[in-house]
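Following: one structure in structure tokens, then a few remarks.
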Amino acid sequence: MNFKGLFCTVAAACSVAFSAGAYGVIDNDTTKRERMQWFADAKLGIFIHWGIYSKGETSESWAFHNGHISLPGYMAQANDFTAANYDPQEWVKLIKDSGAKYTVITTKHHDGFALWDTKAGDVSAVKSSPAKRDVIAPFAEAVRDAGLKLGFYYSLIDWPREDYPEIYRDKAPKYDIKKEPEKWQHFLDFNNAQLSELSSTWNPDLYWFDGDWEHSSEEWRAPEIVELLRSYNPNVIVNSRIQGHGDYATPELGVPVTKPEAEWWETCMTINNSWGYQKADTNFKSPSTVLRMLVDCINLGGNLLLDIGPRADGSIPQEDIDVLKELGRWTSKHSEAIYGTRAGIPAGHVQAYTSLSPDSRTLYVYLPYKPTGQLEFKGLKSKVKSARVVGNDTPVTWDLYNDISWSEVPGVYYFNIPEEALDPEITVVALELEEPASLYRGHGQVISFNDSEAALK
Ligand code: GLC
10 MNFKGLFCTV AAACSVAFSA GAYGVIDNDT TKRERMQWFA DAKLGIFIHW
60 GIYSKGETSE SWAFHNGHIS LPGYMAQAND FTAANYDPQE WVKLIKDSGA
110 KYTVITTKHH DGFALWDTKA GDVSAVKSSP AKRDVIAPFA EAVRDAGLKL
160 GFYYSLIDWP REDYPEIYRD KAPKYDIKKE PEKWQHFLDF NNAQLSELSS
210 TWNPDLYWFD GDWEHSSEEW RAPEIVELLR SYNPNVIVNS RIQGHGDYAT
260 PELGVPVTKP EAEWWETCMT INNSWGYQKA DTNFKSPSTV LRMLVDCINL
310 GGNLLLDIGP RADGSIPQED IDVLKELGRW TSKHSEAIYG TRAGIPAGHV
360 QAYTSLSPDS RTLYVYLPYK PTGQLEFKGL KSKVKSARVV GNDTPVTWDL
410 YNDISWSEVP GVYYFNIPEE ALDPEITVVA LELEEPASLY RGHGQVISFN
460 DSEAALK
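Numbering (the working numbering), first residue to last: 10 to 466.
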């Protein structure tokens with residue numbers, strides 16, 4: 010954080026300078042800002058991992074890569090990919106009702122099984138499974154009809170392919186791309202052909218690449234891939250997993266502790282411990298836990314991309330449904346304190362998560378607990394005009410102590426939050442400020458001048 014002296018107007022001085030840093034995110038021009046707007050405003054997306062592995066007995070792709078199952082044994086799971094109970098309209102309704110504004114579906118994981126009718130390769134839901142159909146097409150249509158943004162997960166890695174060098178962990182690659190550049194080029198052409206199919210058919214709003222770690226940007230020809238995608242859709246958003254050529258960072262399986270340096274980011278998160286459906290994994294997070302993660306991301310100015318793992322027949326586990334439904338209850342009640350908000354203030358001022366409206370005049374305070382007394386808020390220089398509970402507009406009163414005109418240190422607010430207005434999970438209080446939020450960030454002071462008579466007037 011770059012505070013100007015002891016004070017900072019949250020919108021200006023507290024906003025972190027954009028930096029490519031470790032996140033491998035590039036450029037920061039106005040066009041990019043416009044292009045990223047919907048993403049910055051969205052806050053919640055739903056990730057879907059669906060594929061061969063959705064039979065529920067192995068992890069997605071990693072199972073054969075790590076040697077837990079043979080490659081033929083892994084690929085044979087495709088025989089269970091029936092999609093018999095697949096109802097894309099229902100999926101999309103569930104996603105939309107959760108309050109998510111975008112969704113990202115695995116079009117192809119590291120195992121190379123394409124969920125659409127690819128003409129570029131031989132491994133797909135159409136050609137290699139009893140589903141015998143393109144399962145992306147009806148999903149994409151339902152997503153568009155619902156007015157959600159459409160994201161495609163695409164693995165750059167395709168371990169089983171002959172022309173892709175790596176396959177098993179700790180085993181030598183099938184070939185050396187420096188010695189056989191034509192073979193590698195053949196693979197790159199294949200990836201590009203699949204990406205062209207996806208873009209020309211569905212024109213997605215976002216690409217979520219994965220697996221870039223196995224090759225350098227030069228080897229992947231990463232800038233050319235992005236250029237190819239932008240030739241179909243100049244506004245397409247690309248995640249960071251493309252060796253430094255993406256738009257936003259993707260911390261995985263853990264909400265950041267401090268605000269990421271990248272201006273745009275999204276935490277991707279599982280509901281249990283697995284990306285795809287796994288029968289043995291019953292370690293489901295409760296709706297309440299997931300809600301806290303969402304609010305934590307909002308507080309730090311990012312998005313939550315929450316994963317669900319449908320079964321091979323297309324049915325969605327009840328635990329996933331329960332989480333999405335509770336998200337829906339909470340997001341519809343608190344929408345003004347979610348969509349379009351910006352990162353909150355630094356920790357220490359109030360024992361709660363916070364966020365700000367774009368003009369910084371409304372400060373949202375999220376309470377993931379039931380207060381047992383007044384809620385203390387210190388170091389807030391901007392005066393509070395009014396306060397209310399979001400979702401039911403119950404007025405919130407306060408006491409303000411030690412608001413002394415000759416002190417640099419602002420008074421401390423103590424808010425009274427009516428018990429009957431509390432949300433069963435996370436209560437949100439909106440503080441309307443007289444001017445854009447500004448904070449005192451100092452260590453307190455010794456006051457060398459007092460005029461308590463003046464204060465009583
Ligand atoms: C990891 C894993 C992959 C998973 C992805 C989702 O990179 O390789 O299996 O799909 O994270 O974020």
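Positions of the beta carbon are idealized from the N, C-alpha and C atoms, including for glycine. Everything numeric in this text was worked out from a predicted model, so none of it was measured.
Minimum C-alpha distance to residue i - residue among the options
| i | options | result |
| --- | --- | --- |
| residue 294 | 153, 128, 335 | 335 |
| residue 394 | 384, 372, 221, 379 | 372 |
| residue 306 | 53, 290, 137 | 53 |
| residue 421 | 439, 391, 120 | 391 |
| residue 110 | 46, 252, 196, 243 | 46 |
| residue 352 | 304, 60, 151 | 304 |
| residue 435 | 192, 267, 339 | 339 |
| residue 374 | 411, 323, 42, 441 | 441 |
| residue 58 | 324, 266, 300, 43 | 324 |
| residue 406 | 413, 397, 192 | 397 |
Distance, residue j Cα to residue i Cα
| i | j | result |
| --- | --- | --- |
| residue 241 | residue 147 | 21 Å |
| residue 337 | residue 455 | 49 Å |
| residue 2 | residue 178 | The structure shown does not extend to residue 2, since the chain spans only 10 to 466, so no value can be given for it. |
| residue 370 | residue 142 | 51 Å |
| residue 29 | residue 271 | Residue placement at residue 29 is poorly supported in this model, since its pLDDT is 34, which falls under 50; the coordinates still yield a value, given next. Their backbone Cα atoms lie some 7 Å apart in a straight line. |
| residue 254 | residue 218 | 11 Å |
| residue 202 | residue 168 | 17 Å |
| residue 208 | residue 136 | 21 Å |
| residue 247 | residue 126 | 23 Å |
| residue 162 | residue 320 | 18 Å |
| residue 399 | residue 439 | 6 Å |
| residue 282 | residue 130 | 31 Å |
| residue 55 | residue 444 | 36 Å |
| residue 6 | residue 155 | Limits of the chain in this structure are 10 at one end and 466 at the other, which puts residue 6 out of reach. |
| residue 228 | residue 381 | 58 Å |
| residue 31 | residue 310 | In this prediction, residue 31 has a pLDDT of 36, which is less than 50 and means its spatial position is unreliable; nothing more can be read from the coordinates. |
| residue 383 | residue 424 | 5 Å |
| residue 263 | residue 458 | 48 Å |
| residue 41 | residue 225 | 24 Å |
| residue 234 | residue 49 | 23 Å |
| residue 33 | residue 409 | Note on residue 33: pLDDT 43, under 50, position unreliable in the model; no value is reported. |
| residue 191 | residue 301 | 50 Å |
Residue i - DSSP class collapsed to helix/strand/coil
| i | result |
| --- | --- |
| residue 289 | coil |
| residue 202 | helix |
| residue 193 | helix |
| residue 308 | helix |
| residue 398 | strand |
| residue 241 | helix |
| residue 55 | strand |
| residue 34 | Note that residue 34 scores a pLDDT of 48, beneath 50, so its modelled location is shaky; the value from the coordinates is reported in the next line. DSSP places residue 34 in strand when its eight states are reduced to three. |
| residue 441 | strand |
| residue 232 | helix |
| residue 258 | strand |
| residue 405 | coil |
| residue 461 | helix |
| residue 47 | helix |
| residue 453 | coil |
| residue 331 | helix |
| residue 221 | helix |
| residue 316 | strand |
| residue 275 | strand |
| residue 40 | helix |
Residue i CB to nearest heavy atom of ligand 1 below 8 Å
| i | result |
| --- | --- |
| residue 249 | no |
| residue 116 | no |
| residue 434 | no |
| residue 236 | no |
| residue 69 | yes |
| residue 73 | no |
| residue 306 | no |
| residue 470 | The structure shown does not extend to residue 470, since the chain spans only 10 to 466, so no value can be given for it. |
| residue 241 | no |
| residue 131 | no |
| residue 329 | no |
| residue 224 | no |
| residue 474 | No information on residue 474 is available, as it lies outside the stretch 10 to 466 that the chain covers here. |
| residue 255 | no |
| residue 220 | yes |
| residue 335 | no |
| residue 415 | no |
Check: residue i C-beta below 8 Å from any heavy atom of ligand 3
| i | result |
| --- | --- |
| residue 89 | Summarising the ligand content, the structure contains ligand 1 and does not contain ligand 3. |
C-beta neighbour in chain C for residue i, strict 9 Å
| i | result |
| --- | --- |
| residue 309 | No chain C appears in the structure shown, which is made up of a single protein chain. |
Segments of 3+ residues assigned as beta strand (DSSP E) that fall wholly inside the segment 67–143: 111–117
Jot down the residue ranges of each uninterrupted alpha helix (DSSP H) in the segment 348–404, minimum 4 residues, whole runs only, in chain order.
-> none
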